[in-house]
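Since the structure comes first, as structure tokens, the remarks are kept for the end.
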Amino acid sequence: MRRVIMQDGSAIPQGGSFANLEVASVEGGKPIVVKSCTSWDKSHLQILAREAKLVGSLNHKNIISLVNSGKDFFTMPYCGQDLHEYCEELHPMARSKLVKELANPLASVMSYLHRRGVYHCDIKPENITYDPGKQIFRV
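Just so it is clear: in the sequence shown, position 66 is 117 by the numbering used here, and no numbers are missing.
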């Protein structure tokens, strides 16, 4: 999978089959992630619009928020590198500790989503961000 590399050396994965993820800077220099369609297929645009609407309706400290959206894109704040990438850099004992720290926030997110009838069908380390400075996980 191709990755976008940030200035600090961290990376974010590219999107799936019809979406692309890119990092950009906004006023003030804070990085954002832009998720956009790689095709103008009507069904792909509808899926992206539904995802943007859903993300915009959620309010949980461990869920990445929506910043802006348009016909073929939406933006979110950059919240750290993905968990897979972060864990590759850690000693196995540190990974074990991190997994224990992840359990409660992840369970909280899943509970929050399920109470709203939302089922995230792609939970994996590449779809979870971790900001070691703030010590927060986000889906």
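C-beta: ideal position from N, C-alpha, C; glycine also.
Looking only at its own chain, which residues have a Cβ that is under 8 angstroms from the Cβ of residue i, when we skip the five neighbours before and after it?
i      : result
Leu205 : Here the chain comprises residues numbered 52 to 190, so residue 205 is not present and cannot be evaluated.
Ser76  : Pro82 and Ile83
Tyr170 : Leu164
Leu141 : Leu149
To the nearest whole angstrom, what separates the beta carbons of residue i and residue j, a pair I think is in contact under 8 angstroms?
i      : j      : result
Asp182 : Cys130 : 6 angstroms
Mind checking who residue i pairs with in its DSSP beta bridge?
i      : result
Lys185 : Lys185 pairs with nothing; no bridge assigned.
Lys86  : Leu72 and Phe125
Ordered along the chain, which non-local residues of its own chain (more than five positions away) have a Cβ less than 6 angstroms from that of residue i?
i      : result
Ile115 : Met127, Cys130 and Arg189
Please go through the same chain and pick out, in chain order, the residues whose beta-carbon is closer than 7 angstroms to the beta-carbon of residue i, but skip the five residues on each side of it.
i      : result
Pro143 : none
What are the complete beta strand (DSSP E) segments, minimum 3 residues, inside the stretch 89-176?
-> 119-121 and 124-128
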